[in-house]
Ligand code: K7E
Ligand code: CUA
C-alpha cells in the first residue's frame, strides 16, 4: 500500500529505501537496515518512534540543502503588521516583509524615504506603527496570479498596502478616508484593475460624531474600490471610489471571475444593527448580532458602479468619491441575498459560477448559483426590501444547494479536481466536498456531497490551497491556519504561537494526509495565498547602481565609485557616500552642532547577497542597503559628540572594520 502511494511522488531514492524497509519491518520481519554513513536508517526511525505515516510525511516535505520549494505562501502576519513568506512543502520561513510595522533588519521605517510611507498611511497626523493584517491578495492577470504585486489590508485602521514583488518591499500604505475599520480586503478583480476593501464595524464617517442611539441614521457601512496603476505600482486615490452601504457589519468579499466577472459578493453580519449596551438592558454584542437566522450577502454590480463613477454620479465625502446608498439603489447596482447565519466566508468557485457562503453558526455551506442570481434580478424575484430600501432577492430562487459539512464552517478553497475544502472552526477540521456540474458526473462522484475530513490542531480560521483563488487552482497542498496550538509545541510561556498545518490533498481518491506543523511565533495570521514559486520574477540585485526602491528608478543622489563627496550649503551638510566590502567612503564625516544633515548612501556592489547595513547610534537609523540601492536619511545634529557608525550586515571578513566616525563639533 505504501509502495503504491509512494510511486506517485518523485522521491529521493533514500526515501524510497526507508519506506520499503519500513514496510517490511511493519510486517514483522526484522531486517538489516540501509546503512548511510555508518548509520542504520531503520534504527533511527525506530529510535525516534516514527510511524510509517510520519516517514511518508517526512519524505514528502523534506528539502535537501540547496533545493527550492515548489510554492511560496504569502501569509498575513496578523497583528504583527507584517507579511510572512513561507516555502511549501518545506514550511520554511523565507522572509518577513515589513509592511505596517517598522522592521529594522530591512531598514523599513528607519530611513527617511521608508518613514514617509508610514507618514502617508497615518491618520490625522498620527503616524501608525502597527497594523492588523488580514487578507493578502496576489495581483492577477486573466484571473491567474501573475506574481507581480501583493496587497494586504489593515483591519485595525482601514488601510491597504502595496508590496512590489520585484524586490519584496512595501511601496505604499493608503488610508481609507471614510472609515476606521475594514475587513473584506484586500481582494483583487481578475485583471487587478480594482483592489477591494470592504468595511467592518459600522461607524459614522471618520471624524464625525453620532451617539449610538442614532445608529441607523448616522452610522455607515461601505466598500471601497481602489484603482491600481500597475505601471506606477500605486493605488490612485482620486481614481478610486467607495459605495455607501447600510450599517451592517460587512465581512468578507470576493470578486466574480469568468462568468461572474464584473460583480462583487460581500457578506455581512449584524443586520440586527445591535449596538451593545448590556448596562442598559440590551443584549451584549455577541448575542445581539446573532439574533436573526439570516443576514445579507451583498451582490454588487461593480462594472456598472465604475461606469456611474465615470459619469460623475459620485459625491465627495471627506474628499473621497462615494456612490451613495440612494444612488446605488436607484441605479440597480446593489442587491441583497439572505444568507445563514452570521456568515463568515464568501468564496467564488474557479469557474465563477458558484458562490459559497459559510454560516459560522450553521453547520452548512450555502451555495448560490450566479446564473440564478442574474435571472432573479432580471425577473425581479424579490422577497422584499431591507430597512434601507435595498431589494432582497428570493433565497429559493438563487440558491443551488446546501451541504452539511460540520461545525463552525468559515472559509472555502478549491482544487482542480472539483473538490472544495471548508475550514470548520468549532470542529477543528477541514471538510472536503464535491462541487456539482460536469466534473462530479465525469468522476462518478455524488455532486454536492461531503467526501472526507481531516482533523487539524486547533480552531482553524482560514485555509489555503495552492493557487486556490485562481481560475485554475493547483490544489495539491493545503495549509490550515489554526488559531490555537495548545499541545503541539514545547511550552514557551502563556502566549502560544499559531499553528500552520500542511495537508496533502494531491489525489481525491485517498484521504487527506496531515504532513507538517509550522509554528507562527509572530502575530495571528488570517489568510494566505499560495503561488507557484517560478511565477515570481524577483530581482537578484537592483537593476542599476544608485537605485531608489521607493520610486523603482535611478536615484539622482546615487553615486558610482569615485563620485563620493560632502557639500556644505549654509547650515546644511549633504553627504554622498558609497558602501562596498568593507568600506564606507568617506569614512569620516564632520559637522557642527545644529547642522541639518542629508546623507545618501549607495551600495555600489553588484554581487548577489552583498548587502550592507548602516547604523547610526542615538538617531534611531538603521539601513539595509542591498546591492545597487541608494538610501537617504535626514536629521539635525542636535548634540555635540562622536558617533561611530557601522555596517549591521556581516558582509565580509573585515565587516567589523566597516565603520566610520560621525563627529559633531560644539
Ligand atoms: Cu476569517 Cu479576518 Cu478572513 Cu480571520 S478572517 S479567520
Ligand atoms: Cu558591510 Cu558589514
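In my numbering, the protein residues as written are 33 to 698. The beta carbon of each residue, even a glycine, is placed where N, CA and C say it ideally should be.
Check whether the Cβ of residue 684 sits closer than 8 Å to any heavy atom of the ligand CUA, and report yes or no.
Sequence index remark: in the chain shown, residue 684 carries index 652 (1-based). Yes - the ligand CUA has a heavy atom lying nearer than 8 Å to the Cβ of residue 684.
For residue 452 and residue 418, the rounded distance between their alpha carbons
Your numbering for residue 418 matches position 386 in the chain shown. Your numbering for residue 452 matches position 420 in the chain shown. C-alpha separation (whole angstroms): 32 Å.
Any heavy atom of the ligand K7E within less than 7 Å of residue CB: hits in chain order:
166, 167, 187, 215, 284, 376, 377, 442, 443, 493, 494, 558, 559
What's the gap between the Cα of residue 666 and the Cα of residue 136?
Residue 666 sits at position 634 when you count from the first residue of the chain shown. Residue 136 sits at position 104 when you count from the first residue of the chain shown. One C-alpha to the other measures close to 17 Å.
So, helix, strand or coil for residue 108, using DSSP?
As a working mapping, residue 108 is identified with position 76 in the chain shown. Strand, per DSSP.
Looking only at its own chain, which residues have a Cβ that is under 8 Å from the Cβ of residue 240, when we skip the five neighbours before and after it?
One-based indexing of the chain shown puts residue 240 at position 208. So the list reads 250, once near-sequence residues are dropped.
Please name the residue, chosen from 494, 662, 525, that lies closest to residue 562 on a Cα-to-Cα basis.
For the purposes of this step, residue 562 is taken as the residue at position 530 of the chain shown. Of the candidates 494, 662, 525, the one whose C-alpha sits nearest the C-alpha of residue 562 is 494.
Is the beta carbon of residue 611 within less than 8 Å of some heavy atom of the ligand CUA?
Position 579 of the chain shown, counted from the start, is the residue given in the question as residue 611. Checking every heavy atom of the ligand CUA against the Cβ of residue 611, one is found closer than 8 Å.
Measure the CB-CB distance between residue 127 and residue 120 and report whether it falls below 9 Å.
The residue given as residue 127 occupies position 95 in the chain shown. The residue given as residue 120 occupies position 88 in the chain shown. Not in contact: residue 127 and residue 120 (Cβ atoms no closer than 9 Å).
Tell me which same chain residues have a C-beta within less than 6 Å of the C-beta of residue 694, skipping the five on either side of it?
Sequence index remark: in the chain shown, residue 694 carries index 662 (1-based). So the qualifying residues of the chain are 621, 675, 677.
What is the DSSP secondary structure of residue 260, reduced to helix, strand or coil?
Position 228 of the chain shown, counted from the first residue, corresponds to residue 260. The answer is strand: DSSP assigns residue 260 an E or B state.
Indicate the three-state DSSP secondary structure (helix, strand or coil) for residue 409 in the structure shown.
On the chain shown, position 377 is the one that residue 409 refers to. In the structure shown, residue 409 sits in a helix (DSSP, three-state: H, G or I).
What's the C-alpha gap between residue 580 and residue 663?
Mapped onto the chain shown, residue 580 falls at position 548. Mapped onto the chain shown, residue 663 falls at position 631. Spanning the two alpha carbons is a distance of roughly 7 Å.
Extent of the continuous beta strand (DSSP E) to which residue 631 belongs:
Along the chain shown, read from residue 1 onward, the residue named residue 631 stands at position 599. Unbroken beta strand (DSSP E) run through residue 631: 628-635.
Looking at C-beta atoms only, is the number of pairs between the region 142-156 and the region 169-179 that lie closer than 8 Å three or more?
no
Between residue 620 and chain D, is the shortest Cβ-Cβ distance under 9 Å, so that the two count as touching?
No chain D appears in the structure shown, which is made up of a single protein chain.
Quick one: is the Cβ of residue 690 within less than 8 Å of any heavy atom of the ligand CUA?
The count along the chain shown starts at 1 and reaches residue 690 at position 658. Under cutoff, so the answer is yes.
Any chance the CB of residue 489 is under 8 Å from a heavy atom of the ligand CUA?
Your numbering for residue 489 matches position 457 in the chain shown. The answer is no for residue 489.
Report the rounded CA-to-CA distance for residue 687 versus residue 681, giving the unit in angstroms.
As a position in the chain shown, residue 687 is number 655, starting the count at 1. As a position in the chain shown, residue 681 is number 649, starting the count at 1. For residue 687 and residue 681, the distance between alpha carbons rounds to 8 Å.
Between residue 681 and the ligand CUA, is the CB less than 8 Å from at least one heavy atom?
On the chain shown, position 649 is the one that residue 681 refers to. Residue 681: yes, Cβ under 8 Å from the ligand CUA.
Helix, strand or coil for residue 56? Go by DSSP, reduced to three states.
Against the chain shown, residue 56 aligns to sequence position 24. Only weak support exists for where residue 56 lies, its pLDDT of 48 falling under 50; the value from the coordinates is given anyway. Helix.
Name the DSSP beta bridge partners of residue 282, please?
Locating residue 282 in the chain shown gives position 250, counting from the first residue. Partner(s): 300.
Is any heavy atom of the ligand CUA found at a distance shorter than 8 Å from the C-beta of residue 614?
In the chain shown, counting from the first residue as 1, residue 614 sits at position 582. For the ligand CUA, at least one heavy atom lies less than 8 Å from the Cβ of residue 614.
Would the C-beta of residue 645 count as close to the ligand CUA, meaning under 8 Å from any of its heavy atoms?
The residue labelled residue 645 in the question sits at position 613 within the chain shown. For the ligand CUA, at least one heavy atom lies less than 8 Å from the Cβ of residue 645.
Enumerate, from N- to C-terminal direction, the unbroken beta strand (DSSP E) stretches of 3 or more residues contained entirely within the region 520-569.
530-536, 545-552, 560-564
Since residue 355 contacts residue 305 with CB under 8 Å, what's their CB separation in whole angstroms?
Position 323 of the chain shown, counted from the first residue, corresponds to residue 355. Position 273 of the chain shown, counted from the first residue, corresponds to residue 305. Between residue 305 and residue 355 the Cβ distance is about 22 Å, and since that is not below 8 Å, they are no contact.
Tell me residue 579's beta-bridge partners as DSSP assigns them.
Indexing the chain shown from 1 puts residue 579 at position 547. Beta-bridge pairing links residue 579 to 586, 661.
Look up residue 247 in the DSSP assignment and say whether it is helix, strand or coil.
For the purposes of this step, residue 247 is taken as the residue at position 215 of the chain shown. Three-state result, residue 247: helix.
Give me the Cβ distance between residue 574 and residue 659, rounded to the nearest whole Å; I'm assuming they're in contact under 8 Å.
The residue given as residue 574 occupies position 542 in the chain shown. The residue given as residue 659 occupies position 627 in the chain shown. At roughly 6 Å, the Cβ-Cβ gap stays under 8 Å, so residue 574 and residue 659 are in contact.
Using a Cβ-based criterion (distance less than 8 Å to any ligand heavy atom), does residue 687 qualify as near the ligand CUA?
As a first step, residue 687 is located in the chain shown; it is residue number 655 there, counting from the start. For the ligand CUA, at least one heavy atom lies less than 8 Å from the Cβ of residue 687.
Using DSSP's beta-bridge definition, name the partner residues of residue 239.
The sequence position of residue 239 within the chain shown is 207, counting from 1. According to DSSP, which records beta bridges pairwise, residue 239 is partnered with nothing at all.
Which first and last residues belong to the alpha helix (DSSP H) in which residue 148 is found?
As a first step, residue 148 is located in the chain shown; it is residue number 116 there, counting from the start. Where residue 148 is concerned, the enclosing alpha helix (DSSP H) stretches over 144-152.
Is the beta carbon of residue 599 sitting closer than 9 Å to the one on residue 618?
Within the chain shown, residue 599 is the residue found at index 567, counting from 1. Within the chain shown, residue 618 is the residue found at index 586, counting from 1. No. Outside cutoff.
What do you get for residue 244, buried or exposed, if any count of 16 or more other CB atoms within 10 angstroms of its CB means buried?
As a first step, residue 244 must be located in the chain shown, where it is residue number 212. Exposed, by the Cβ-count rule.
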